[in-house]
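Q:
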Amino acid sequence: MSGFREPGFADRQKAAQDARKNLLNKFKSQPGPDDPAVAAKRAEREALAAKRAEAKAARDAEKAEQKRLEEEAKAAEAARITREAEEAEAQRAALEAEQKAKRDARYAARKAKRK
């Protein structure tokens, strides 16, 4: 069995040069920006981005519509509560007026009875 041979400077230099050549060949073999496959991928990415933007705009519009509906519901609820409070106040005032009228009638009857 032969032992491990330590690579010398020339071997390391040749290995580095081969690695640079392989890297350059790999880069050169890739298609350029005007290649139809690259253009098709770019168009596909752009179409996907446009679809995403459209979906985001639709979601934003839906959120805005939902928020508007919630605000309308809150305003309607506040108006209903205010109206009910006003009606309760009017009913209380009418009841007090009726009770005062009965009390005044009893008082007048007592006064009339004494005379």
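Under the UniProt record's numbering, the first residue of the sequence shown carries the number 1, and numbering increases by one thereafter.
For glycine and all other residues, C-beta sits at the position ideal for the given N, C-alpha and C.
Identify, in the order they occur along the chain, each residue of the same chain with its Cβ nearer than 8 Å to the Cβ of A85, setting aside the five sequence neighbours on each side.
A: Along the sequence shown, read from residue 1 onward, the residue named residue 85 stands at position 85. There are no such residues.
Q: So A40 and P31 are supposed to be a Cβ contact under 8 Å. How far apart are they, rounded?
A: Counted from its first residue, the sequence shown places residue 40 at position 40. Counted from its first residue, the sequence shown places residue 31 at position 31. Contact flag wrong, Cβ pair sits at about 11 Å.
Q: How is K115 classed by DSSP in three states: helix, strand or coil?
A: The residue you call residue 115 lines up with position 115 of the sequence shown. Correct three-state label for K115: coil.
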